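Just so we're aligned: the sequence shown equals residues -15 to -1, 1 to 481 in mature numbering (1 follows the signal peptide of the UniProt record, and there is no 0). Just so you know, even glycine gets a beta-carbon here, dropped at the ideal spot from N, CA and C. Bear in mind the structure is a predicted one, so any value in this text is a computation, not a measurement.
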Amino acid sequence: MRFAFLTWLLPVVLALPQYNDGYQTVDSSTQPVQIRLSYQGPTAMMVSWNTFAQLHRPTVYYGLEPFFLYQVATSSDSSTYPTSLTYNNHVNLTHLWPDTTYYYLPAGSNSTVPYSFRTAKVAGDPTPFSVAVVVDMGTFGPLGLSTTTGVGAANPLQPGAHTTIQDISQQLHTFDFVLHPGDISYADAWLKEEIQQYLPNTSRVDNPTVYEHINNAFYDELVNITAYKPYMVSPGNHEANCDNGGTTDKTTGIKYTESICPVGQTNFTGYRNRFRMPSQPSGGLENFWYSYDYGMTHFISIDTETDLGHGLLGPDEGSPEFSGPFGLMNQQLTWLQNDLASVNRTRTPWVIVLGHRPFYNSAGGICTNCSAVFEPLFYQYDVDLYFCGHSHVYVRTAPVYLNQTDPNGLNNPRFTWYVVNGAAGHYDGLDTLQYPLMPYTQFAQDTDYSWSRFTFHNCTHMTLEAIASNNGSVYDEATLFKNRTCNDDSWKFPPW
Ligand SMILES: *[C@@H]1O[C@H](CO)[C@@H](O)[C@H](O)[C@H]1NC(C)=O
Ligand SMILES: *[C@@H]1O[C@H](CO)[C@@H](O)[C@H](O)[C@H]1NC(C)=O
Ligand SMILES: *[C@@H]1O[C@H](CO)[C@@H](O)[C@H](O)[C@H]1NC(C)=O
Ligand SMILES: *[C@@H]1O[C@H](CO)[C@@H](O)[C@H](O)[C@H]1NC(C)=O
Ligand SMILES: *[C@@H]1O[C@H](CO)[C@@H](O)[C@H](O)[C@H]1NC(C)=O
Ligand SMILES: *[C@@H]1O[C@H](CO)[C@@H](O)[C@H](O)[C@H]1NC(C)=O
Ligand SMILES: *[C@@H]1O[C@H](CO)[C@@H](O)[C@H](O)[C@H]1NC(C)=O
Ligand SMILES: *[C@@H]1O[C@H](CO)[C@@H](O)[C@H](O)[C@H]1NC(C)=O
Ligand SMILES: *[C@@H]1O[C@H](CO)[C@@H](O)[C@H](O)[C@H]1NC(C)=O
Ligand SMILES: *[C@@H]1O[C@H](CO)[C@@H](O)[C@H](O)[C@H]1NC(C)=O
Ligand SMILES: *[C@@H]1O[C@H](CO)[C@@H](O)[C@H](O)[C@H]1NC(C)=O
Ligand SMILES: [Fe+2]
């Protein structure tokens, strides 16, 4: 195998002049912006980025050394959608070594130093790792959450406080990748921002570009994170369409609905274009539901917005929010059951599910159709943790099943643990806890913007930390213990 790898070298070295063109001729319309990565198994990585013009052959130069990007990968995946100001380019780098650092540059980059990523650990690798999680995170700055707000809005950033993006950028060395289960950029807040006179009043119906400007600003802000750490997303309600699920202008009495959204700003269109989540290796569907392994953990991303199953409508599916369905009847549910059934808990003892909406919470917003469909499977297959947001607070529950708290707490529970942290920050500020807190609540806060970090120590212990974005301090920490036998000996250096 090592020799096969050398044979790639020759044609690629011959292609090198092209690589130089990449940064000598700077053409702003083909210059990569918003670079973002996603895992495609332990030996592949999707490099995605946007350009203002369509690319004929999106191309990525990469290699094991920063100053010798001797390999090249291309695709024909450069697409846009109505109202978008950019093209979404995706190139899948394959045949990589697992758990290995690579350096790369998309062609057309004006950067003289490459970006880098590390491929995923193979399933069964028992070495510890951490993951960052943000939910409900929008654009920061003049188009979104800043130190001022519009009329009637709350929770501006404190002067000098770090945003969640700034804090995560500073703590980039503390985790391997980022999970963002839904509500990404809040481009659909444009309407509210105009109504609240935070942004100038456009003609609303005729000027859909504000939505796209917010989107672009968000992915631009994220680039120092997502060009280095894979960014794994799930769908949230704010990806569905441009009207924020219905927005009322109280001064004029106008109630805006999805009918004002132009083609291109409904039915998760931007979300479907911008990402290429690893659904194919897991038999999932696009960016809607998929799973992947990373070391000792099996990660599952579910869609709580559409396609629930058992004939129940997802919250974004019924009137007046007409999105989905994307799969066949019960397709997601059947997939989830099969996916959970096929997990080898010796190889990946941890099973973590990410979804947008809470099943248990102390601030309302519980998706009972979601829990009706998914919770029995979580129980049946012993899912360790379900992590979500949607509610812009932090709520850590005890392990729960059908509203009953597990008598063991975090000390080897039988039930699934539920955590909500939708406090990453966006124009609309924070939500408020509802008192009395639900009896299963162990810790809750609704005053600070925050993100989370999971650390998988070994097959029996994982720690969750909640981190205040303004200063990076850990304000809550809890460790889940599962009494099981670690089978570290079974793990051998991967057989590629
Ligand atoms: C590269 O281009 C971006 C976007 O046009 C610009 O912000 C940045 O300053 C440029 N960097 C260099 C090194 O020229
Ligand atoms: C803003 O624009 C909308 C749609 O054109 C219009 O109905 C509304 O009166 C305007 N509001 C203000 C404050 O100008
Ligand atoms: C990304 O990092 C570079 C280098 O530190 C910095 O100049 C740039 O402002 C950062 N970009 C964003 C969007 O934070
Ligand atoms: C990327 O490549 C991997 C490895 O061949 C493959 O499993 C995966 O499906 C590809 N991803 C996409 C989105 O095509
Ligand atoms: C749950 O599903 C039912 C049956 O399809 C539907 O009538 C109801 O509106 C859904 N509930 C919510 C909150 O979406
Ligand atoms: C949304 O897109 C899917 C996939 O193209 C399609 O099947 C579905 O009918 C669309 N839903 C609506 C409400 O347009
Ligand atoms: C599960 O994984 C372990 C450890 O990698 C392996 O020894 C075992 O054969 C696997 N079991 C099945 C049913 O594949
Ligand atoms: C759990 O409690 C909530 C709120 O009290 C209720 O709406 C829901 O139906 C209960 N779920 C079950 C499975 O009993
Ligand atoms: C697993 O990690 C926890 C936390 O670091 C540690 O206390 C425990 O001893 C470890 N267990 C094994 C079997 O290594
Ligand atoms: C960091 O911020 C949190 C939340 O605002 C606050 O409670 C804590 O006291 C701060 N810690 C330090 C060390 O400043
Ligand atoms: C784990 O389970 C084994 C077997 O049931 C038991 O002997 C042991 O005491 C348990 N360990 C802990 C820390 O609960
Ligand atoms: Fe949401």
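Same chain, Cβ closer than 7 Å to residue i, five either side skipped, listed in chain order
{"i": "ALA383", "result": "THR390, ASP391, GLY394, TYR425, GLN427"}
{"i": "GLY135", "result": "GLU178, GLN181, GLN182, TYR183"}
{"i": "residue 485", "result": "There is no way to answer for residue 485, as the model of the chain reaches only from -15 to 481."}
{"i": "VAL11", "result": "In this prediction, VAL11 has a pLDDT of 49, which is less than 50 and means its spatial position is unreliable; nothing more can be read from the coordinates."}
{"i": "LEU78", "result": "ALA29, MET30, VAL32, VAL45, TYR47, ALA58"}
Beta-carbon spacing of residue i, residue j below 9 Å
{"i": "TYR24", "j": "PHE203", "result": "no"}
{"i": "ALA348", "j": "VAL378", "result": "yes"}
{"i": "ILE287", "j": "SER356", "result": "no"}
{"i": "ILE169", "j": "GLY249", "result": "no"}
{"i": "THR124", "j": "THR71", "result": "no"}
{"i": "THR194", "j": "THR68", "result": "yes"}
{"i": "GLU243", "j": "THR254", "result": "no"}
{"i": "PRO305", "j": "THR291", "result": "no"}
{"i": "SER435", "j": "ALA453", "result": "yes"}
{"i": "HIS80", "j": "ARG261", "result": "no"}
{"i": "ASP369", "j": "THR401", "result": "yes"}
{"i": "MET281", "j": "ASN346", "result": "no"}
{"i": "SER308", "j": "ALA225", "result": "yes"}
{"i": "THR159", "j": "SER115", "result": "yes"}
{"i": "ALA105", "j": "GLY231", "result": "no"}
{"i": "ASN201", "j": "ASN73", "result": "no"}
{"i": "ALA451", "j": "ARG399", "result": "no"}
{"i": "ASP324", "j": "SER267", "result": "yes"}
{"i": "LEU362", "j": "LEU321", "result": "yes"}
{"i": "THR15", "j": "LEU40", "result": "yes"}
{"i": "VAL336", "j": "LEU293", "result": "no"}
Where residue i falls: helix, strand or coil (DSSP)
{"i": "SER244", "result": "helix"}
{"i": "HIS223", "result": "helix"}
{"i": "GLN9", "result": "Caution applies to GLN9, whose pLDDT of 38 falls short of 50 and renders its modelled position unreliable; the value that the coordinates give is listed next. The answer is helix: DSSP assigns GLN9 an H, G or I state."}
{"i": "TRP402", "result": "strand"}
{"i": "ASP324", "result": "helix"}
{"i": "PHE466", "result": "strand"}
{"i": "GLN39", "result": "coil"}
{"i": "ASN315", "result": "coil"}
{"i": "THR353", "result": "helix"}
{"i": "VAL358", "result": "helix"}
{"i": "TRP335", "result": "strand"}
{"i": "MET281", "result": "coil"}
{"i": "HIS80", "result": "coil"}
{"i": "GLN250", "result": "coil"}
Own chain, CB closer than 8 Å to residue i, minus 5 neighbours either side, in chain order
{"i": "THR432", "result": "LEU415"}
{"i": "GLU50", "result": "TYR88"}
{"i": "TYR196", "result": "THR68, ALA172, ASP173, TRP175, CYS227, GLN250"}
{"i": "ARG469", "result": "ARG330, PRO334, CYS444, THR445"}
{"i": "PRO166", "result": "VAL118, VAL120, VAL218, SER219, GLY221, SER286, LEU339, GLY340, HIS341, PHE372, CYS373, GLY374"}
{"i": "ILE20", "result": "VAL32, SER33, TRP34, PRO91, TYR100, VAL208, THR211, ALA212"}
Contacting residues, own chain, Cβ-Cβ under 6 Å from residue i (five flanking each side not counted)
{"i": "ALA108", "result": "ASP278, ARG332, THR333"}
{"i": "THR233", "result": "LYS240"}
{"i": "ARG42", "result": "THR59"}
{"i": "LYS214", "result": "PHE162, VAL163"}
{"i": "SER376", "result": "PRO343, ASN346, ALA348, GLY350, VAL405, GLY407, ASP416"}
{"i": "THR448", "result": "THR440, THR464"}
Extent of the continuous alpha helix (DSSP H) run through residue i
{"i": "GLN419", "result": "Premise fails: GLN419 is in no alpha helix (DSSP H) and is neither H nor E."}
{"i": "TYR256", "result": "254 to 259"}
{"i": "GLN265", "result": "264 to 267"}
Span of the beta strand (DSSP E), counted from its first residue to its last, around residue i
{"i": "PRO343", "result": "That residue, PRO343, is in no beta strand (DSSP E); it is neither H nor E in DSSP."}
{"i": "VAL57", "result": "56 to 59"}
{"i": "PHE439", "result": "435 to 441"}
{"i": "PHE114", "result": "114 to 118"}
{"i": "VAL98", "result": "Premise fails: VAL98 is in no beta strand (DSSP E) and is neither H nor E."}
{"i": "TYR66", "result": "Note, TYR66: premise wrong, no beta strand (DSSP E); not H, not E."}
{"i": "ARG21", "result": "18 to 24"}
{"i": "ASP234", "result": "232 to 234"}
{"i": "LEU90", "result": "86 to 91"}
{"i": "GLY303", "result": "Element bounds for GLY303: n/a, residue is neither H nor E."}
{"i": "ALA453", "result": "446 to 453"}
* Within the region 361 to 388, note down every full beta strand (DSSP E) run reaching 3 residues or more, in order along the chain. => 370 to 373, 379 to 382
* **Length at least 3, wholly inside the region 127 to 213: the beta strand (DSSP E) runs in chain order** => Taking 3 residues as the minimum length, the beta strand (DSSP E) runs contained wholly in the region 127 to 213 are 162 to 166, in order along the chain.
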